[in-house]
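**Q** Residue numbers (our numbering): 118 to 401. Just so it is clear, CB atoms sit at the ideal spot from N, CA and C, and this is done for glycine as well. Please read these numbers as outputs of a predicted model, since none were measured by experiment. To start, I am sharing the structure in question, which I have written as structure tokens.
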Ligand code: PAF
């Protein structure tokens, strides 16, 4: 079935109103396109939980802190629509900038505290851009549930907080990270990796797994961190933005977790920034 594409807010509102009037629930999967199996797993989760499913495709200029990054971001709308055919989603909402940020737009949604660390510390303004666009997408689609990948764990936390703080009546559902066979977390940015870099990219996840295994045996993270970063550098990662264990609830730094925690990493490989996070055993 060809995927219906909606381009304007007016058409989107009309469809959403019709579905809600019929007593149907709406699920939204916000994306920036270049869809991979990680996105498709979110679509499958939305299909299983909701009567109607909208996939949004919008490369949000407000969340990029470098113009070159925005310019290079992969845009594959036709292929994306084809990939969605087997899911029979009810609409792809692919607006242009004027539907999201009309002339004179001057509102910023900022979630404080939890955005000072990890990606927030390395990409100034990024999470304001995410929170602002996601607020718009939630209110424009009037969805009942929204589906986000745990690969962007901090983003998931920020969006959950924002929806709660702004009383947006939507349930934000986190879904597990989907990986390539060699462990690399699926990401649209993987398309930007050269063949050579692609060979080295899974090392990020491998090193993370090695660290959490040692932590499970009782070693403190502080005894493992420096060597793990050095191993990434040996594998060709030029800069490690962060390699840290933090609590799931408040993203607080931890050494021997006594509460649910994750190991978070972001590192550059041949000009591409890769991020990942995995569960850390509670040992304390
Ligand atoms: O995760 C993404 O692809 C983006 O940050 C999102 C949530 C679609 C907002 O632009």
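Beta carbon of residue 360, beta carbon of residue 382: below 7 Å?
**A** It is a contact, given that the beta carbons lie within the stated cut-off.
**Q** Rounded to whole angstroms, how far is the Cβ of residue 294 from the Cβ of residue 150, which I believe are closer than 8 Å?
**A** Contact flag wrong, Cβ pair sits at about 19 Å.
**Q** Measuring CA to CA, which of 312, 164 and 275 is closest to residue 231?
**A** Comparing Cα positions, the closest option is 275.
**Q** For residue 279, verify whether its CB is less than 6 Å away from any heavy atom of the ligand PAF.
**A** For the ligand PAF, not one heavy atom lies less than 6 Å from the Cβ of residue 279.
**Q** Using beta carbons (cut-off 7 Å, strictly below), is residue 242 in contact with chain B?
**A** Note that chain B does not occur in the displayed structure, where there is just one protein chain.
**Q** Answer with buried or exposed for residue 223, where buried requires no fewer than 16 other C-beta atoms within 10 angstroms of its C-beta.
**A** Residue 223 comes out exposed.
**Q** Run through DSSP, which three-state label would residue 204 get?
**A** Of the three classes helix, strand and coil, the one that applies to residue 204 here is helix, per DSSP.
**Q** Identify which residue in 375, 140, 250 and 385 has its Cα closest to the Cα of residue 261.
**A** Nearest C-alpha to residue 261: 140.
**Q** Within a Cβ cutoff of 8 Å, which residues of the same chain sit near residue 366, ignoring the five residues on either side of it in sequence?
**A** Within the same chain, residue 366 has close Cβ partners 376 and 377.
**Q** Where are the alpha helix (DSSP H) runs, 4 residues long or more, that stay fully inside the segment 305-353, in chain order?
**A** Runs found: 312-317, 320-333 and 342-351.
**Q** What alpha helix (DSSP H) runs, 4 residues minimum, are completely inside the segment 173-218?
**A** The segment 173-218 contains these whole alpha helix (DSSP H) runs: 184-189, 194-201 and 214-217.
**Q** What separation, rounded to the nearest whole angstrom, lies between the Cα atoms of residue 341 and residue 119?
**A** Going from the Cα of residue 341 to the Cα of residue 119 covers about 51 Å.
**Q** Taking any heavy atom of the ligand PAF as the mark, which residues have a C-beta closer than 6 Å to it, listed down the chain?
**A** So the residues near the ligand PAF by this Cβ test are 147, 148, 149, 177, 180, 247, 250, 251, 269 and 272.
**Q** Which residues in the same chain have their Cβ closer than 7 Å to the Cβ of residue 167, if we skip the five residues on either side of it in sequence?
**A** Closer than 7 Å at Cβ, skipping near neighbours: 142, 143, 144, 261 and 262.
**Q** According to DSSP, what are the bridge partners of residue 292?
**A** Per DSSP, 266.
**Q** DSSP three-state label for residue 403, please.
**A** The question about residue 403 has no answer here: the residues shown for the chain are numbered 118 through 401.
**Q** Looking at the strands, I want to know which residues DSSP matches up with residue 386.
**A** Bridge partners of residue 386: 354 and 389.
**Q** Could you tell me the distance, in whole angstroms, from the CA atom of residue 194 to the CA atom of residue 174?
**A** Distance between the alpha carbons of residue 194 and residue 174: 8 Å.
**Q** Cutting at 6 Å between CB atoms, please list the residues of its own chain near residue 309, excluding the five before and the five after it.
**A** Only 389 meet the Cβ criterion.
**Q** Do the CB positions of residue 374 and residue 333 come within less than 7 Å of each other?
**A** No, the pair does not count as a contact, with Cβ atoms beyond the cut-off.
**Q** Candidates 323, 314 and 306: which alpha carbon is nearest residue 298's?
**A** Selected option, being the one with the closest Cα: 323.
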